[in-house]
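Asker:
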Amino acid sequence: MSAPNPDRAGPGPAGGETSQTWKRVGLGAGVLGGALLLDRSIRDLALDHQGAFGRDLAEGGHTYGDWKRTAPFLAGGGILLGVALDGETGVRRATSAFFGVFAGSMSNTLLNWTLGRSRPRDERGVLHFDPFRGNASLGSGHTAYAFAIAAAVDEVTDGGWAIPFYAAAAGTGLARIYGDRHWLSDVVVGGFIGWWVGGRATAAAENWLGIRPLIARDAVGVQVRFQE
298 MSAPNPDRAG PGPAGGETSQ TWKRVGLGAG VLGGALLLDR SIRDLALDHQ
348 GAFGRDLAEG GHTYGDWKRT APFLAGGGIL LGVALDGETG VRRATSAFFG
398 VFAGSMSNTL LNWTLGRSRP RDERGVLHFD PFRGNASLGS GHTAYAFAIA
448 AAVDEVTDGG WAIPFYAAAA GTGLARIYGD RHWLSDVVVG GFIGWWVGGR
498 ATAAAENWLG IRPLIARDAV GVQVRFQE
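Each residue of the sequence shown is one higher than the one before, starting from 298 at the first, in the numbering used here.
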């Protein structure tokens, strides 16, 4: 029996990981490219099916994805629920989730400001960009925030608690398209950034944040200590 030829050996762990990374990059590029090609068609479809009921549903999605309206309730409710269900561990998870949502939202905000893509209702087309301006389109901030919430909840809980949050995030993305606030590709990019950054930032925060609850007669809060 001859010895195996090292030149013919399959890729090692590093080579296999690199191959998987490029496959994911290719898949992501394909999804984004497909979304860009469908931007105009999906917008036309949404505008052709406007109605009072649809606008009411879309308004719910706009509200959920507006951090100024929902973040105080979600953050405060998450911390209180963490205290009630799991004490100090629950507070650490809830606070880590807050950091994850913040990181996911801010990452998308930075991209949005840098690219400055025009919104569909501006009627400047799919490929009009005016970099370094606010209130731009790519990616969708509401969608990024909503998917960051879902990813953070998914990271710190078990048993399907994240499912309704993912459903709400998907509804937020659809609402942004239906309301002519964003292109399909804006929603795809924002959703991916919120999900990817939000989940990973939550996991990282659990490892390097030392958190314990502070509970008094008239207040509830947390003490955060950065671990070395």
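Note that CB positions come from ideal geometry on N, CA and C, so glycine has one too.
Keep in mind the model is a prediction, meaning the values are calculated, not measured.
In terms of DSSP beta bridges, what is Phe-350 paired with?
Answerer: DSSP lists no partner for Phe-350.
Asker: Let me check understanding here. Comparing Cα to Cα, which of Gly-468, Ala-449, Ala-472, Ala-467 lies closest to Arg-340?
Answerer: If we check each option's Cα against that of Arg-340, Ala-472 comes out closest.
Asker: Closest to Ala-355 by CA distance: which of Val-494, Ala-400, His-479, Phe-399 is it?
Answerer: Nearest C-alpha to Ala-355: His-479.
Asker: Rounding to the nearest angstrom, what Cα-Cα distance links Val-398 and Leu-378 in this structure?
Answerer: If you take the alpha carbons of Val-398 and Leu-378, they lie about 17 Å apart.
Asker: Which residues bound the alpha helix (DSSP H) around Gly-535?
Answerer: With the chain represented from 298 up to 525, any question about residue 535 goes unanswered, as that position is not in the structure.
Asker: Please report the straight-line C-alpha distance between Arg-326 and Ser-434, rounded to a whole angstrom.
Answerer: Rather than Arg, the amino acid found at residue 326 in this sequence is Ala. Taking the straight line from one Cα to the other gives about 19 Å.
Asker: Is DSSP giving Arg-321 helix, strand or coil here?
Answerer: If DSSP states are grouped into helix, strand and coil, Arg-321 belongs with the helices.
Asker: Quick check on His-425: buried or exposed, where buried means 16 or more other Cβ atoms within 10 Å of its Cβ?
Answerer: Looking at its Cβ environment, which holds fewer than 16 other Cβ atoms inside 10 Å, His-425 is exposed.
Asker: Do Arg-454 and Tyr-361 have their CB atoms nearer than 7 Å?
Answerer: In the sequence on display, residue 454 carries Thr and not Arg. In this structure, Tyr-361 does not lie closer than 7 Å to Thr-454 by Cβ.
Asker: Return the first residue and the last residue of the alpha helix (DSSP H) that Asn-504 is part of.
Answerer: Where Asn-504 is concerned, the enclosing alpha helix (DSSP H) stretches over 481-505.
Asker: Alpha carbon to alpha carbon, what distance is there between Gly-374 and Leu-577?
Answerer: This structure cannot settle anything about residue 577, because the visible part of the chain is limited to 298 through 525.
Asker: Can at least three beta-carbon pairs, one atom from the stretch 445-462 and one from the stretch 406-415, be found at a separation below 8 Å?
Answerer: No, the stretch 445-462 is not in contact with the stretch 406-415.
Asker: Taking the C-alpha atoms as reference points, what is the distance between Ser-482 and Arg-366?
Answerer: Ser-482 and Arg-366: Cα-Cα distance of roughly 25 Å.
Asker: Excluding the 5 residues preceding and the 5 following Leu-335 in the sequence, name in chain order all residues of the same chain whose CB lies nearer than 6 Å to its CB.
Answerer: Leu-481, listed in sequence order.
Asker: Kindly indicate which three-state DSSP category Phe-426 falls into: helix, strand or coil?
Answerer: Phe-426 falls in the strand class under three-state DSSP.
Asker: Among residues of its own chain, excluding the 5 on either side of Ala-500, which ones have a beta-carbon nearer than 6 Å to its beta-carbon?
Answerer: Same-chain partners within the cutoff: Glu-452.
Asker: Measuring straight from C-alpha to C-alpha, what distance separates Glu-314 and Arg-418?
Answerer: Near 42 Å, if we compare the C-alpha coordinates of Arg-418 and Glu-314.
Asker: Identify, in the order they occur along the chain, each residue of the same chain with its Cβ nearer than 6 Å to the Cβ of Phe-462, setting aside the five sequence neighbours on each side.
Answerer: Cβ neighbours of Phe-462 beyond the five flanking positions: Ile-446, Ala-447, Val-450.
Asker: The alpha helix (DSSP H) with Gly-448 in it runs from where to where?
Answerer: In the sequence on display, residue 448 carries Ala and not Gly. Looking at the DSSP string, the run of the alpha helix (DSSP H) that includes Ala-448 is 438-453.
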